[in-house]
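Take a look at the structure set out below.
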Amino acid sequence: MKRYVVTVNGMVQGVGFRPFVYHLATALRLCGFVQNTADGVCAEIQGSDTACTSFLLQLKENAPPPAHIESLSVIKIPLRDEHAFAILPSREGETNTQISPDTAICPECANEIADETNRRYRYALTNCTRCGPRFTIVKNMPYDRKNTSLADFPMCDVCRAEYENPHNRRFHAQPNACAACGPKVKFYEKFQNIAQDPYLSFVQAIHKGEIVAIKGIGGFHLSCDAANEEAVKLLRKRKLRYDKPFAVMMRDIQTVQKHCFLTKEEQVLLLSPQTPIVLLKKKPACAIAPSVTLTNQRIGVMLPYAPLQCICMEFFEALIMTSGNLSDRPMVYLDDEAFSLLPRVADHILTHNRPIVRRMDDSVAMVVNSVPRLIRRARGYVPEPLPLQGNTRVILAVGPQQKNTFCLAKGEHGLLSGHMGDLRDIDTSAEYVHEMDSYIQLFDGIPEAVACDLHPDYVSTAYASRYQGSIPIFPIQHHHAHFASVLAEHNLQDHPAIGMVFDGTGYGEDGTIWGGELLFGTVRESKRMGHLDPFPLLGGEQAIREPWRIALSLLDMACGRETALSRYPGQEAPLLLQAGDQHVNAPLTSSMGRLFDGVCAIIGVKTHVTYEGQAAIELQQIMDSTAKGSYHFELHTHSGGVIFHWQSLIRALLLDHQAGVSPGVLSARFHRAVVELMQMAVSVLYQQTGCTTVVLSGGVFQNDYLLEQGLQTLRKQGYLVYSNEKIPANDGGIAFGQAAAASHRMR
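Here you go:
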């Protein structure tokens, strides 16, 4: 007989791990106990050598998804007089374990809520140890009901019996509830009168073309019939969302196949426990209302992941399911905010009284080159830790200004937050500070260092300055953070690499706006080896919203003032150019994203935009894949590195445009020029360094054509090419790169 204490660390709380340990131990006739601790899951097992060995082997090999074991320690201890195995109450203490992300409803729970004979028929908050809310209901560790938003809902006798039955899949399911004892669903007509039948009232409202706010796992959605053009237009008008596509929830995978082209990888992603929004190509016969996506050839699709959504989708093929917020504000997740703010955009509200502890947006993903890639990492993925090999310190990386996430690095992991948004919004910045404090408390991670952006005026940089004088602060250049995020994600920690980092905006080491960068270095630091030839942003940030200003700037530099002014007659253009000559509100930028905007405006596709990246997205949308030819950048080596000159490209583009060449052909030739630029720039640096490892990062690489062609072309030439996959290539991945770089600088 032997007795061991087994401590398991990783994703082991809130995922049915203790019941799994219980079943395994009792099947092997072991005695002892298992309990949650702040160190992880601790078990003491006692039995024969053979049984103990089998227990440890099966523990590692057969852990139930989404459980994930990061580390396991086994210590021999003295025998005790025990004759059974039990699950003990949790112990408090320092937190070294992980919390499960929220996961989509499992098939068993889905069958229960659809079965008229089941006691959970149409109970919209059904869950079990295999599915349901986790991170969005947790207030403190360890993961027990008293530390969740279910604390005020005592289980009824039937639910308690399930909870205590080792053979039930709700054995120790902390959020377990039913219609008798759990939170209740209500439909408020006009946000005031409670309807007798919430689901009938919801269906009637949607059929009438009305808009309903629906409470989800991490916040409220705004919903209407995705096939009703007038309802979609009404939602756009109320939400002041004039151009950006809406996400659509479809009933099942068969409905998705009816409306969209679907690859095997995309189907797996849609059906995964994370159930992100997946960007899919629409079929010509797609019956979704035109105003859902407008000119966009892709549609963001997700399947129902919460029981309430499953019930709603019984009656409809497809519903708009967009964030429940006012224009440019964070998604509403608190009940009082929903009733005060959402009547401006919705007619009614379908809600429940299970509190949401923290906002969690839907994740967004796209498959490129047969690999799933996250565009927004949030529900379903957060707070799953990301490996950060070699880190031994607690580092708080505060992230960028837009698409903000932050990262708490602790041990060999980085805990990347969910999508926070634009910190210039006062509500977002307040929630940002609150959520960082929550992470520090929840994961017991008192920062030993802080990493931030170089930009002195970012809200995140100002937050980092609070630590000035108490712990080290590491300013990390924006594009190096992109570069480092890829290297760290792929565990290329000390590996030198060539980096192509293309995005819209990033504060450079020289105080200008960077964004078309050729880098060389490691996770720790990199050197700027080349960049796009800078041009002025006429009118500063206004040029981002009005790309014709960028077009004016490009034409002035490439073709001369007379040509530039002839394209944009009127009083404003001469004044802008004059201000640019005097360096007044005309910051220089080497941004590839801004070059895309300018090209889009020159060929007349988009001169004004209403959301970030719109011009570049629409430029890609119109690409004619059958077009022949390419434009060309010119590379010139100077003392400051390789300069990517675009002037001859702009002249050729303008000549073709004036000759009547279609915008689709112009777009294709420009895209090919950017791919060719990547090849040439990497080749120049290879000749200088001999390095064959290449990294592609930055928001421009959300363009699937550029990413796919860049990966394939460079790999054919023998390079080892890496890009973001589990971490967004856009600014949502910056914080992870900051944490990785700071970790190396502390070693």
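Counting from 1, position 423 in the sequence shown corresponds to residue 520 in the numbering used here; the numbering is continuous, with no gaps. All residues carry an ideal CB built from backbone N, CA and C; glycine is no exception.
If you look at I595, you'll find it in the beta strand (DSSP E) that goes A594 to Y604. With fewer than 16 other CB atoms across the displayed protein chains lying within 10 angstroms of its CB, M98 is exposed. Note on K336: 16 or more other CB atoms within 10 angstroms of its CB, so buried under the neighbour-count rule. In the three-state reduction of the DSSP assignment, G518 falls in the strand class. A straight-line Cα-Cα distance of about 12 angstroms links Y604 and G613. Residue burial annotation: N325 is buried, with at least 16 other C-beta atoms found within 10 angstroms of its C-beta.
T448: member of the beta strand (DSSP E) spanning H445 to H449, first to last residue. The DSSP-derived three-state label of N244 is helix. In the structure shown, P387 adopts helical secondary structure according to DSSP, grouped into three states. Counting only runs of 4 or more residues that sit fully inside the region 715 to 799, the alpha helix (DSSP H) segments are 744 to 755 and 760 to 786, in chain order.
For Y296, the enclosing alpha helix (DSSP H) starts and ends at P295 to H304.
Nearest to N682 by C-alpha distance, out of F767, K157, L485 and S650, is S650. The three-state secondary structure of C278, taken from DSSP, is coil.
Per the coordinates, the alpha-carbon of G627 lies some 14 angstroms from the alpha-carbon of V791. Under the three-state reduction of DSSP, E286 is assigned to strand.
Within a 10 Å sphere around the beta-carbon of K703 sit 16 or more other beta-carbons, which makes this residue buried. DSSP links H510 through a beta bridge to P484 and K507. Boundaries of the alpha helix (DSSP H) harbouring N208: P204 to A211, taken from the DSSP string.
Residue environment analysis places V103 among the buried positions, since at least 16 neighbouring C-beta atoms fall within 10 angstroms of its C-beta. Looking at the backbone, the Cα of Y285 and that of T489 are separated by about 51 angstroms.
For I831, the uninterrupted alpha helix (DSSP H) segment begins and ends at I831 to R842. With 16 or more other Cβ atoms inside 10 Å of its own Cβ, T686 counts as buried. The Cβ-Cβ distance between F833 and C383 does not fall below 8 angstroms.
Counting every other CB atom within 10 Å of its CB across the protein chains shown gives Y402 a total of 16 or more, marking it as buried. In its chain, beyond the 5 residues on either side, L649 have a beta carbon closer than 6 angstroms to the beta carbon of Y665. For A838, same chain residues with a beta-carbon under 8 angstroms away, outside a window of 5 residues either side, are A548, F571, I573, H577, A578, A581, V620, R621 and E622 in chain order.
DSSP places R335 outside any beta strand (DSSP E); the residue lies instead in the alpha helix (DSSP H), whose first and last residues are E326 to K336. A residue is called buried once 16 or more other Cβ atoms fall within 10 Å of its Cβ, and V365, having fewer, is exposed. Within its own chain, the residues whose Cβ lies closer than 6 angstroms to the Cβ of H841, once the five positions on either side in sequence are excluded, are V620 and R621, listed in chain order. The residue from D322, I472 and E307 with its alpha-carbon nearest to that of V797 is I472. In this structure, the CA atom of V398 is about 15 angstroms from the CA atom of A201.
The alpha-carbon of M517 is positioned some 8 angstroms away from that of S526. Look at E709 here: in three-state DSSP terms it is coil, with no helix or strand label.
DSSP places T104 in the uninterrupted beta strand (DSSP E) bounded by K99 to M108. Taking C-beta atoms as the reference points, H165 and G107 count as a pair closer than 8 angstroms. Collapsing the DSSP output to three states places T525 in a helix.
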